[in-house]
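J.: First residue of the sequence shown? That's 127 in the working numbering, and the numbers climb one at a time after it. Glycine is no exception: its CB is placed at the ideal position from the N, C-alpha and C atoms. These numbers were taken from a predicted model, which means no experiment stands behind them. I have a structure here, written as structure tokens, and I will follow up with some questions on it.
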Amino acid sequence: SLPIEDGYVTFSWVGGTGVVTWSAGVCKYVGTFVVTGVDVRSYQILVQASSPNHKSVSVQVTIEITQTATQLVPISEVVSIANFRDIINITVYLNNTDRNLPVGGATLSFGVGNITGSLIELAILGYYSALIDTSLLSVQEYTVSISSVKPGYTPSSFVFTLTVEQIETEIV
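Written out as structure tokens, the structure reads:
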């Protein structure tokens, strides 16, 4: 059977409606669905085709909207040693691993000992940072956990070690 080049093909679903156009280069009808802002789940898309000299047809197509995978990448040291009363900078990069692109607008938090806090988004897309005041901690080794959340994206987390040491002193 030969393709029908003069057809009129449309689609409709909860995300909207649109027209699918003939592409001579691939000898198929080609269209784009915008899925930004829809919930993660399965959706039915109704595709309908008509042509002046052919019977109309319709078909249901199922698409699965999944979360975008992410990975937190440490920019600062993953093993830190600091003196009591030092201020430690934590900087991380949140990567969309599906497309290797930065992820902005996420909520990042950290926890160390009895301290919790938020990382702020920096001016460079995908980068987040926080400061940890070690004077709020005791002298010992800690596990610092950092996690990210953003709707439509998989949560990501990682941990690193922070060792708070005594301040070196000497008698002069």
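Report buried or exposed for Ile293, applying the criterion of at least 16 other Cβ atoms within 10 angstroms of its Cβ.
T.: Within the sequence shown, residue 293 is the residue found at index 167, counting from 1. The residue in question, Ile293, is exposed, as its Cβ has fewer than 16 Cβ neighbours within 10 Å.
J.: Report yes if the CB atom of Gly141 is closer than 8 Å to the CB atom of Val173, and no otherwise.
T.: Stepping through the sequence shown from its first residue, residue 141 is reached at position 15. Stepping through the sequence shown from its first residue, residue 173 is reached at position 47. Cβ distance not < 8 Å, so Gly141 and Val173 don't count as in contact.
J.: Based on the DSSP output, what are the partners of Gln174 in its beta bridges?
T.: Numbered from its first residue, the sequence shown carries residue 174 at position 48. Gln174 is bridged to Thr136 and Ser184.
J.: Can you list, in chain order, the residues of its chain whose CB lies under 8 Å from that of Gln193, leaving out five sequence neighbours each side?
T.: Within the sequence shown, numbered from 1, the residue matching residue 193 stands at position 67. Within the same chain, Gln193 has close Cβ partners Val166, Gly278, Tyr279 and Thr280.
J.: What are the boundary residues of the beta strand (DSSP E) that Lys154 is part of?
T.: Here the question's residue 154 lines up with position 28 in the sequence shown. Lys154 -> beta strand (DSSP E) spans Lys154 to Val156.
J.: So what does DSSP say about Thr162, is it helix, strand or coil?
T.: Here residue 162 refers to the residue found at position 36 of the sequence shown. Of the three classes helix, strand and coil, the one that applies to Thr162 here is coil, per DSSP.
J.: Please report how far the alpha carbon of Ala195 lies from the alpha carbon of Leu227, in whole angstroms.
T.: Here the question's residue 195 lines up with position 69 in the sequence shown. Here the question's residue 227 lines up with position 101 in the sequence shown. If you take the alpha carbons of Ala195 and Leu227, they lie about 11 Å apart.
J.: Measuring alpha carbon to alpha carbon, tell me which of Phe236, Gly230, Ile250 and Gly144 ends up nearest Lys276.
T.: As a first step, residue 276 is located in the sequence shown; it is residue number 150 there, counting from the start. Nearest of Phe236, Gly230, Ile250 and Gly144 to Lys276, Cα basis: Gly230.
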